[in-house]
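One structure below.
In the working numbering, the protein residues as written are 176 to 502.
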């Protein structure tokens, strides 16, 4: 199981972490055996789930590439329909080249309607746009003199340079699936089938939602296996991630003591954090992780999201939690 981090890259005004501090944190993470560092993408504050927004991920990844050595750098997830396929293909290929082939492109369709309105992109088109984006950018990365004719994106005889260092292209992780949508996003989602079919067709790795229950994850994985079979793909063709926000309590510490850290980014309450996130003492956190991994039938990647840039938190995860998970 590969161990990774999703970074607390919150945009907090004067309290936003410095690049030097991020570099110290990530180099220590490398020393502790963490292999990936991933970023969330939100254009705006997106309530009710979140009470802050995040630094722009591609810019930050480019900066982090210069202050790290071995850790793989990516998004979990980038809202792909926000981007233009031609410009983005060049942007991400440049990141992959300058990072020494360390990039992982994790993508999702997005859910916050206000963000789409701000970018003048019709919210209801986001799924179809994402499918075309995936097809167009991978074609541009893989070949020259590329022509693409889609509903939303069209270009003819284009060659994008540089190509990514990773060939034919960086790994593509896709996030999505079931979760308590009304509680998290204030939205009703009638079906996740289109999302799961997209994952089955395009993804090298599936990233379920952090707030999905073990039962939701198990049902989605069963559906994904069926959709992959229809496409001639084997379940082994798709690796899986378990990721979640995490805060480890000291022995005897009250869960309420973690509230200031969760409030830094989350618009939810203590009951929600305890139910859906990893909040507890080390043994309890490890037990929750093992349960979700079991529901997924095993995972290839475990990606945990600490709530602050604190090296001591990394050491607690590495020394007290992860040995109980990977043993």
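Note that beta-carbon positions come from the ideal geometry of N, C-alpha and C, so glycine has one too.
Member of the options whose CA lies at the smallest distance from the CA of residue i
{"i": "residue 339", "options": "218, 279, 446, 183", "result": "279"}
{"i": "residue 315", "options": "201, 301, 259, 236", "result": "259"}
{"i": "residue 344", "options": "272, 286, 197", "result": "272"}
{"i": "residue 352", "options": "380, 335, 317, 337", "result": "380"}
{"i": "residue 474", "options": "264, 487, 391, 382", "result": "382"}
{"i": "residue 478", "options": "281, 194, 241", "result": "281"}
{"i": "residue 171", "options": "264, 411, 385", "result": "Absent from the structure is residue 171, since the part of the chain shown begins at 176 and ends at 502."}
{"i": "residue 267", "options": "202, 346, 437, 324", "result": "346"}
{"i": "residue 306", "options": "289, 294, 325", "result": "325"}
{"i": "residue 457", "options": "468, 493, 446, 483", "result": "493"}
{"i": "residue 214", "options": "419, 454, 372, 295", "result": "419"}
{"i": "residue 256", "options": "208, 366, 423, 311", "result": "311"}
{"i": "residue 228", "options": "184, 283, 237, 371", "result": "184"}
Residue i to residue j span [Cα, whole Å]
{"i": "residue 368", "j": "residue 239", "result": "36 Å"}
{"i": "residue 387", "j": "residue 330", "result": "38 Å"}
{"i": "residue 270", "j": "residue 327", "result": "25 Å"}
{"i": "residue 277", "j": "residue 181", "result": "15 Å"}
{"i": "residue 285", "j": "residue 303", "result": "12 Å"}
{"i": "residue 200", "j": "residue 275", "result": "20 Å"}
{"i": "residue 461", "j": "residue 318", "result": "44 Å"}
{"i": "residue 251", "j": "residue 217", "result": "11 Å"}
{"i": "residue 485", "j": "residue 223", "result": "26 Å"}
{"i": "residue 321", "j": "residue 333", "result": "5 Å"}
{"i": "residue 323", "j": "residue 263", "result": "15 Å"}
{"i": "residue 392", "j": "residue 413", "result": "15 Å"}
{"i": "residue 497", "j": "residue 176", "result": "11 Å"}
{"i": "residue 342", "j": "residue 253", "result": "21 Å"}
{"i": "residue 432", "j": "residue 203", "result": "26 Å"}
{"i": "residue 459", "j": "residue 470", "result": "17 Å"}
{"i": "residue 499", "j": "residue 348", "result": "26 Å"}
{"i": "residue 443", "j": "residue 452", "result": "11 Å"}
{"i": "residue 208", "j": "residue 468", "result": "20 Å"}
{"i": "residue 354", "j": "residue 490", "result": "30 Å"}
Closer than 8 Å: residue i CB and nearest the ligand ADP heavy atom
{"i": "residue 294", "result": "Summarising the ligand content, the structure contains no ligands, and the ligand ADP is consequently not present."}
Burial state of residue i (16 or more Cβ within 10 Å)
{"i": "residue 292", "result": "exposed"}
{"i": "residue 337", "result": "exposed"}
{"i": "residue 375", "result": "buried"}
{"i": "residue 446", "result": "exposed"}
{"i": "residue 245", "result": "exposed"}
{"i": "residue 481", "result": "buried"}
In DSSP terms, what residue i is bridged to
{"i": "residue 323", "result": "330"}
{"i": "residue 476", "result": "177, 416"}
{"i": "residue 278", "result": "248"}
{"i": "residue 448", "result": "DSSP, once it has assigned bridges, lists no residue as partnering residue 448."}
{"i": "residue 145", "result": "Here the chain comprises residues numbered 176 to 502, so residue 145 is not present and cannot be evaluated."}
{"i": "residue 283", "result": "254"}
{"i": "residue 212", "result": "180, 248"}
Next on the checklist: For the pair the region 294-302 and the region 221-232, tell me if three or more CB-CB distances fall below 8 Å.
Outcome noted: no
Checklist entry - Are the region 400-411 and the region 183-201 touching, with three or more C-beta to C-beta distances below 8 Å? => result no
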